[in-house]
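Q: What follows is a single structure, and I will ask about it in a moment.
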Amino acid sequence: MKLLKKIPLLGWVLVAIVLGILLGPVMPVWLGSLFLTYNSIFSGFLGFIVPLIIFGLVAPAIAELGKGAGKWLGITALIAYTSTLCAGLLAFFVSRWLFTKSLSGGGVEEVGGGEGSGFAPYISLVGEAGDGATEIVLTPLMGVMTALVLAFMLGLGLTAFRSTVLFRGTVEFRSIVEMVIRKIIVPALPLFIFGIFLDLSAAGDAVVVVQKFLFVAVVSFVLTLVVLLVQYTIAGAMNKRNPLSALWGMRNAYFTALGTSSSAATIPVTLESAKKNGVSDTVAGFVVPLCATIHLSGSMTKITCFSIAVLLLTGGDVSFTTYLPFILMLGVMMIAAPGVPGGAIAAAAGLLTQMLGFGEVEVGLMFAAYIALDSFGTATNVTGDGALAMIMHKLTNGKLGAQPQDPEDEVVELADGTEAADHKLA
Numbered sequence: 000m001k002l003l004k005k006i007p008l009l010g011w012v013l014v015a016i017v018l019g020i021l022l023g024p025v026m027p028v029w030l031g032s033l034f035l036t037y038n039s040i041f042s043g044f045l046g047f048i049v050p051l052i053i054f055g056l057v058a059p060a061i062a063e064l065g066k067g068a069g070k071w072l073g074i075t076a077l078i079a080y081t082s083t084l085c086a087g088l089l090a091f092f093v094s095r096w097l098f099t100k101s102l103s104g105g106g107v108e109e110v111g112g113g114e115g116s117g118f119a120p121y122i123s124l125v126g127e128a129g130d131g132a133t134e135i136v137l138t139p140l141m142g143v144m145t146a147l148v149l150a151f152m153l154g155l156g157l158t159a160f161r162s163t164v165l166f167r168g169t170v171e172f173r174s175i176v177e178m179v180i181r182k183i184i185v186p187a188l189p190l191f192i193f194g195i196f197l198d199l200s201a202a203g204d205a206v207v208v209v210q211k212f213l214f215v216a217v218v219s220f221v222l223t224l225v226v227l228l229v230q231y232t233i234a235g236a237m238n239k240r241n242p243l244s245a246l247w248g249m250r251n252a253y254f255t256a257l258g259t260s261s262s263a264a265t266i267p268v269t270l271e272s273a274k275k276n277g278v279s280d281t282v283a284g285f286v287v288p289l290c291a292t293i294h295l296s297g298s299m300t301k302i303t304c305f306s307i308a309v310l311l312l313t314g315g316d317v318s319f320t321t322y323l324p325f326i327l328m329l330g331v332m333m334i335a336a337p338g339v340p341g342g343a344i345a346a347a348a349g350l351l352t353q354m355l356g357f358g359e360v361e362v363g364l365m366f367a368a369y370i371a372l373d374s375f376g377t378a379t380n381v382t383g384d385g386a387l388a389m390i391m392h393k394l395t396n397g398k399l400g401a402q403p404q405d406p407e408d409e410v411v412e413l414a415d416g417t418e419a420a421d422h423k424l425a
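Position 234 (the sequence shown) corresponds to 233 in numbering that gives the first Met the number 0; numbering is contiguous.
In structure tokens:
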């Protein structure tokens, strides 16, 4: 039992994919339908919780970004957002160029309700129950875009008014949302992915999808390296340093992130590496922890590549005018993504459904692909933080200036027993 607990999420996902492909053709219809029932219930719950995830993560993130460290915080956030958007745009154009011929008409358009496999859920929370099955309506409290607009309104309002009670409430609600992701959604993913590939395999599509996704994975990995080269070329030019030398100086942070799959856990190593690249202690201590939560160019690259691939496989629209709003909104969601394995794709699931029209199968494929490359995306994120630290070092001349603590700041004890500074919201 202890050995099973030591298996990482990626290990469980790989096992789920392999078992789903192998067992799909020989799975009895009644048992396959049982697994699809689980998938239907999970999808219904995910559709219900996603707007709450968006609201719970975005509102406090905006409130926290709007206070504290003055103009340099805003400049750092703007640079991080721009870097993330540029990574998404690069991934979009390259993916559409490389994938259009090889992935178009991939044949998974008809998979998802059990129609191609013969499986159908006995109970449905998403309107896909089989004949004579029970259908339960689980209506979200609000739509995805409603949650996003409400989160912006509340977050911006908290930066303008002195409401420590509301701020504490949003922070504690975020803790609840992160617990749901960490304790319920992420542990439930392997079985959900197993059901997706079981259905695909029974319909004869699983092998084709996996083969095509291997090509997408290679392209996604190469693009993360290109993103880092661009970031360090800009940072190196600003600081008159060899970009390849500066990038090599971040190697410890990159390989640590490969092992931990966590930006937060890699912060100490990222700090040390950034300082070795000539970034002052003050700037590194400010930029690196901040960018660990708001700069996710690697995650943006992965989600963009695989979402374009899924759209092409399922006959979706990959026009620039349709996809650009998704990139812009995804950049915001990346700022608020929780630092747990699979957290970024869980936060982005609502946008995939609302803006790109993804269904259960498409979302399941995105979860599987994202988690399979999670460590590489995290490594790109934290290594890119070093480039942003170099840029901020140049802009600030290595000095951010003293940021005196507001005399009206107070310490708030959160529900989990931790403490956070409640700043004057003005």
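Glycine included, each C-beta is placed from N, C-alpha and C at the ideal position.
So which of Thr138, Val49, Lys182 and Ser298 has the shortest CA-CA distance to serine 262?
A: Among Thr138, Val49, Lys182 and Ser298, the Cα nearest to that of serine 262 is on Ser298.
Q: Can you tell me where the alpha helix (DSSP H) with valine 14 in it begins and where it stops?
A: Here the alpha helix (DSSP H) through valine 14 covers 8-22.
Q: Where do the N-terminal and C-terminal ends of the alpha helix (DSSP H) with phenylalanine 166 fall, by residue?
A: First-last of the alpha helix (DSSP H) with phenylalanine 166: 163-179.
Q: With DSSP as the reference, label isoleucine 40 as helix, strand or coil.
A: Of the three classes helix, strand and coil, the one that applies to isoleucine 40 here is helix, per DSSP.
Q: Using only alpha-carbon positions, find the residue among Leu18, Ile135 and Ala90 that is nearest to isoleucine 40.
A: It is Ile135.
Q: Measuring alpha carbon to alpha carbon, tell me which of Thr36, Thr395 and Ile326 ends up nearest proline 120.
A: Among Thr36, Thr395 and Ile326, the Cα nearest to that of proline 120 belongs to Thr36.
Q: So what's isoleucine 48 in DSSP terms, helix, strand or just coil?
A: Here isoleucine 48 sits in helix by DSSP.
Q: Between which two residues does the alpha helix (DSSP H) harbouring methionine 365 extend?
A: That run of the alpha helix (DSSP H) goes 359-371.
Q: Within its chain, find whatever has a CB closer than 8 Å to the CB of alanine 128; leave out the 5 residues flanking it on each side and keep chain order.
A: Reliability fails at alanine 128, whose pLDDT of 48 lies under 50, so the model's placement of it is uncertain and the value that follows must be treated cautiously. Only Ser39, Ala119, Pro120, Tyr121, Ile122 and Glu134 meet the Cβ criterion.
Q: Three or more beta-carbon pairs under 8 Å between the segment 45-52 and the segment 139-149, yes or no?
A: Cβ pair count under 8 Å is three or more, so yes.
Q: Determine contact between the segment 347-364 and the segment 306-314, defined as no fewer than three beta-carbon pairs at a distance below 8 Å.
A: Taking 8 Å as the limit for Cβ pairs, the verdict is that the segment 306-314 does touch the segment 347-364.
Q: By the 10 Å Cβ neighbour count, where 16 or more other Cβ atoms means buried, how is histidine 422 classified, buried or exposed?
A: Its pLDDT being 37, under 50, histidine 422 is placed unreliably in this model, and the value from its coordinates should be taken loosely. Label assigned to histidine 422: buried.
Q: Would you please state the rounded distance, in angstroms, between the beta carbons of methionine 365 and leucine 197? I believe it to be under 8 Å.
A: Not really, about 17 Å apart at Cβ, beyond 8 Å.
Q: Less than 7 Å between C-beta atoms, sequence neighbours within five positions excluded: which residues of the same chain meet that for serine 306?
A: Correct list, in chain order: Leu351, Leu355 and Met365.
Q: On the DSSP letters alone, give me the boundaries of the alpha helix (DSSP H) that alanine 273 sits inside.
A: First-last of the alpha helix (DSSP H) with alanine 273: 266-275.
Q: Any contact between the segment 71-91 and the segment 181-195? By contact I mean 3 or more CB pairs, one from each, below 8 Å.
A: They do not touch, by the three-pair rule.
Q: Using a 10 Å radius around the Cβ and a threshold of 16 neighbouring Cβ atoms, would you call methionine 152 buried or exposed?
A: By the 10 Å Cβ count, methionine 152 comes out exposed.
Q: Excluding sequence positions up to five away, which residues of its chain have a Cβ less than 6 Å from the Cβ of tyrosine 80?
A: Excluding positions up to five away in sequence, the list reads Gly330.
Q: Below 6 Å CB to CB, which residues in the same chain sit around threonine 255 once its five sequence neighbours on both sides are set aside?
A: Excluding residues within five positions, the ones whose Cβ falls inside 6 Å are Thr265 and Val268.
Q: Spell out a yes or no on whether the segment 240-253 and the segment 51-63 are touching, meaning 3 or more CB-CB pairs, one atom from each, closer than 8 Å.
A: In short, these stretches do not touch, since the Cβ pair count stays below three.
Q: Answer yes if the segment 84-97 comes into contact with the segment 171-190, meaning at least three C-beta pairs across the two stretches below 8 Å, and no otherwise.
A: Segments in contact, no.
Q: From the DSSP output, in three-state form, read off proline 139 for me.
A: In the structure shown, proline 139 sits in coil (DSSP, three-state: anything other than H, G, I, E or B).
Q: So for asparagine 251, helix, strand or coil by DSSP?
A: Helix at asparagine 251.
Q: Using the three-state DSSP reduction, which class does serine 260 fall into: helix, strand or coil?
A: Here serine 260 sits in coil by DSSP.
Q: According to DSSP, simplified to helix, strand and coil, what is phenylalanine 214?
A: The answer is helix: DSSP assigns phenylalanine 214 an H, G or I state.
Q: Using the Cα positions of glycine 11 and valine 217, report the straight-line distance between them to the nearest angstrom.
A: Sequence inspection shows tryptophan at residue 11; the glycine mentioned does not correspond to that position. The alpha-carbon atoms of tryptophan 11 and valine 217 are separated by roughly 21 Å.
Q: Valine 226: which of Thr379, Ile370 and Tyr253 sits nearest, CA to CA?
A: Selected option, being the one with the closest Cα: Thr379.
Q: Whole angstroms is fine: what's the gap from leucine 155's alpha carbon to isoleucine 61's?
A: Cα to Cα, the separation comes out at about 7 Å.
Q: So what's asparagine 396 in DSSP terms, helix, strand or just coil?
A: Correct three-state label for asparagine 396: coil.
Q: Cβ atoms of alanine 308 and phenylalanine 98: under 8 Å apart, would you say?
A: Taking 8 Å as the Cβ cut-off, phenylalanine 98 and alanine 308 qualify as a contacting pair.
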